[in-house]
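Going by this note's numbering, the sequence shown opens with residue -2, and the numbers climb by one from there. C-beta: ideal position from N, C-alpha, C; glycine also. Values in this document were obtained by computation on a predicted structure and should not be read as measured data.
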Amino acid sequence: RKITRPLSGTVKIYKYISSAWVEQTSGVSVNFSTGVVTFTTAPANGVALGWCGQFDVPVRFDTDKPTFSMDLAYVGQVQNIGLIELRE
């Protein structure tokens, strides 16, 4: 999955060094509009990279006319809301 909408404050970038994942707390930035990670100095060839964090997934409703019921005045409910993921 291509991540294009990481949430600010949730993303951590890691390098796999000497059999352990080490968090990179400096020398790395994340563009939260595109998901692009930029290093001040490129990691050495063969160094494994990882990340953890939260991200948004763009979706749309699967219908323009959802079915709902009115239980009381100004109170209603929708039984199912179908969503379709938008691929970027």
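Proximal residues to residue i (C-beta, below 6 Å), its chain only, five neighbours per side dropped
i	result
S5	F29
G32	I0, T1, P3
Proximal residues to residue i (C-beta, below 7 Å), its chain only, five neighbours per side dropped
i	result
I78	F58, P63
W18	Y11, G47
Residue i, DSSP secondary structure in three states
i	result
E20	strand
R84	coil
Q51	coil
A29	Just to set this straight, residue 29 is Phe in the shown sequence, not Ala. Three-state DSSP puts F29 in coil, outside helix and strand.
Backbone CA spacing between residue i and residue j [nearest angstrom]
i	j	result
Y71	C49	42 Å
V8	Q21	11 Å
Span of the beta strand (DSSP E), counted from its first residue to its last, around residue i
i	result
V8	That residue, V8, is in no beta strand (DSSP E); it is neither H nor E in DSSP.
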